[in-house]
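Okay, so here's the structure we're looking at.
In this note's numbering, the protein residues as written are 93 to 700.
Pasting the structure below:
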């Protein structure tokens, strides 16, 4: 707004307007020169309007509907120019003209220009986001308001004591009211499409100009009923006001050409009171006319306007009642559909207040956690969350509950009514700032089975199926996960093939499980025993001393015969120990393999 007040073009337009309108209305001089000067000024203003509308189109990057509007605006300016040229020629060519009498061509051109502009908008049939009932209701509101305007205009034009203006003056005054009607329909149509070809600040002087022209035609019509200077001033003033519209649009730019920004705000709320205000105006006009002038032409016109207005209001009310009934039916249907969805949903939907526990829980909570929804209300979800998960999620949950709009997705273990733990995946959003919600909305689904399957697959991917020890992949990852040097033991069973061949593969599998158990017994909590394949085992020790201790322990426990398949069997073992960088586990295993092979060779030499 400050930019508009400082714009030199708008300042100059205001100053010139005051001087021109003041000079025509109050300045000295004969009526005829004022008429000629006024129509010459009108021609200049028509040309400026044409140039301004074209400049808006060429300067701004307008959307298609706005571009069509400003193109139509420039065409309308040319139509106005044609009518004003005819009016000027008529005034100049007849030396006896000293009163403002509109030429029929000028009157038709004035209305035709407005119709061109309105038609472009009214024929643009994009009605995004508007129901048919709402469109009809808004059109009825417009008709009601304009009925009240015409009734008041009729009372003013036919008031007692008014100088006789002639039929031409009344026609022009009615056309002026038509300008207001077209402007109102233009505004409504822009609201119906959700888009407007000009910003609110640019539309204001254009709409105000139509109002001034209509009021001027009513209060000071052409002909013998008024002063020609005043009549000419009231004709030129709206043209000066319209010129401000394109300039303001240039200053505002193409942004904001969305009717929802200002038209919807005007139409939503206060606009609904306008029809009733119009009815009150009609009634007040009728009462005033009957009180001051009695039953006459003015009173009959006011009564007709009031009857039409009341009929339109009644029609609007019937439409509103029908819409309300349809709305209630729709609400009941949606409520039943929502209840059915919540009742049969596999997800638990809940609303939790930061300090009051659950304010809503869907019936699915009984299927998932075995707790009726009525029992869950008022309880805190943290009371049934596993203490380990509660500790790990504490910071995130605190942020979630204290930050409106925050979102959090997590998995946690929640206690079932039977005492077991169920894994739930929870998607939560803080909507404490939303009216009617006032809490954290959570969607929770049971993922226990998928979680257990994932854990089982992950375990199987890293462990030997027969012995339960880590497999080669898991062992290699454990080695590379150590920092610095790592100590590795590599074990190979002696005489395992003979056991398999003599007693069968079942006995061989039992021997492998026996060795795995002994590995677990000899290893510490930070050591990683593994089966690399066949009868080859390995242990990742925490250090050299731990490796030597494990090796000595294994030799001792495996020296004792084991009960395998009902018979005592002794399992020999060769062990190689290597220490080196953990970044190269294959090199470590190769070094341990060499030492194990050396021990196996020594064992065979002693045996022979």
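Even glycine gets a Cβ: it sits at the ideal position worked out from N, Cα and C.
{"query": "Where does residue 672 fall in DSSP's three states?", "result": "strand"}
{"query": "Since residue 381 and residue 396 are thought to touch, with beta carbons under 8 Å apart, how far apart are those beta carbons, to the nearest angstrom?", "result": "Wrong, their Cβ atoms sit about 12 Å apart, outside the cutoff."}
{"query": "Quick check: the Cα distance between residue 647 and residue 566, rounded to an integer number of angstroms?", "result": "25 Å"}
{"query": "Check the DSSP bridge columns for residue 666 and list the partner residues they point to.", "result": "584"}
{"query": "Could you work out which residue in 652, 661, 579 is closest to residue 683 when comparing CA atoms only?", "result": "579"}
{"query": "I need the boundaries of the beta strand (DSSP E) containing residue 654, first residue and last residue.", "result": "654–656"}
{"query": "To which residues of the same chain is residue 198 closer than 7 Å at the C-beta, ignoring the five residues directly before and after it?", "result": "175, 176, 178, 179"}
{"query": "Please name the residue, chosen from 123, 481, 209, that lies closest to residue 184 on a Cα-to-Cα basis.", "result": "123"}
{"query": "Would you check if there are 3 or more beta carbon pairs closer than 8 Å linking the segment 546–553 to the segment 619–633?", "result": "no"}
{"query": "Out of curiosity, what's the CA-to-CA distance linking residue 399 and residue 407?", "result": "12 Å"}
{"query": "Using the beta-carbon count (16 or more within 10 Å), is residue 480 buried or exposed?", "result": "exposed"}
{"query": "Go to residue 450, then tell me how far its beta strand (DSSP E) extends in each direction, as first and last residue.", "result": "449–453"}
{"query": "Pick from 338, 117, 132, 203: whose alpha carbon is nearest that of residue 149?", "result": "338"}
{"query": "Return the residue from the list 622, 625, 652, 616 that minimises the CA-CA distance to residue 640.", "result": "616"}
{"query": "Kindly indicate the opening and closing residues of the beta strand (DSSP E) around residue 441.", "result": "440–445"}
{"query": "Take residue 464 as the anchor and find which of 439, 509, 292 has the nearest alpha-carbon.", "result": "509"}
{"query": "How is the beta strand (DSSP E) around residue 500 delimited, first residue to last?", "result": "499–507"}
{"query": "Between residue 676 and residue 685, what straight-line distance do the alpha-carbon atoms span, to the nearest angstrom?", "result": "14 Å"}
{"query": "Can you tell me which residues form a DSSP beta bridge with residue 521?", "result": "499, 533"}
{"query": "So, helix, strand or coil for residue 562, using DSSP?", "result": "strand"}
{"query": "Please state whether DSSP places residue 538 in a helix, a strand or coil.", "result": "strand"}
{"query": "Taking the alpha carbon of residue 192 as the point to measure from, which residue in 327, 526, 107, 170 has its own alpha carbon closest?", "result": "327"}
{"query": "On the criterion of 16 or more Cβ atoms from any shown chain inside 10 Å, does residue 494 qualify as buried, or is it exposed?", "result": "exposed"}
{"query": "Does the segment 329–345 come into contact with the segment 102–116, if we say contact requires no fewer than three beta-carbon pairs (one atom in each stretch) closer than 8 Å?", "result": "yes"}
{"query": "Which residues mark the beginning and the end of the beta strand (DSSP E) in which residue 338 is found?", "result": "Looking at the DSSP string, residue 338 is not in any beta strand (DSSP E); the run it does join, the alpha helix (DSSP H), is 320–344."}
{"query": "Pick helix, strand or coil for residue 142, following the three-state DSSP scheme.", "result": "helix"}
{"query": "Which value, in whole angstroms, describes the spacing of the CA atoms of residue 302 and residue 201?", "result": "15 Å"}
{"query": "Ignoring anything shorter than 4 residues or poking outside the segment 136–191, list the alpha helix (DSSP H) runs there in chain order.", "result": "156–185"}
{"query": "Around the C-beta of residue 211, are 16 or more other C-beta atoms found within 10 angstroms, so that it is buried, or is it exposed?", "result": "exposed"}
{"query": "Going by DSSP, what residue range makes up the beta strand (DSSP E) through residue 659?", "result": "659–661"}
{"query": "Going by DSSP, which residues form a beta bridge with residue 621?", "result": "631"}
{"query": "For residue 119, does the count of other Cβ atoms within 10 angstroms reach 16, so buried, or fall short, so exposed?", "result": "exposed"}
{"query": "Under the DSSP definition of a beta bridge, which residues are partnered with residue 131?", "result": "The partner list for residue 131 (beta bridge, DSSP) is empty, contrary to what the question assumes."}
{"query": "Throw me the rounded Cβ distance for the residue 439 and residue 537 pair, which I believe falls under 8 Å.", "result": "5 Å"}
{"query": "Cutting at 7 Å between CB atoms, please list the residues of its own chain near residue 610, excluding the five before and the five after it.", "result": "646, 649, 650"}
{"query": "For the putative contact between residue 451 and residue 531, defined by C-beta atoms under 8 Å, what is the C-beta separation to the nearest angstrom?", "result": "6 Å"}
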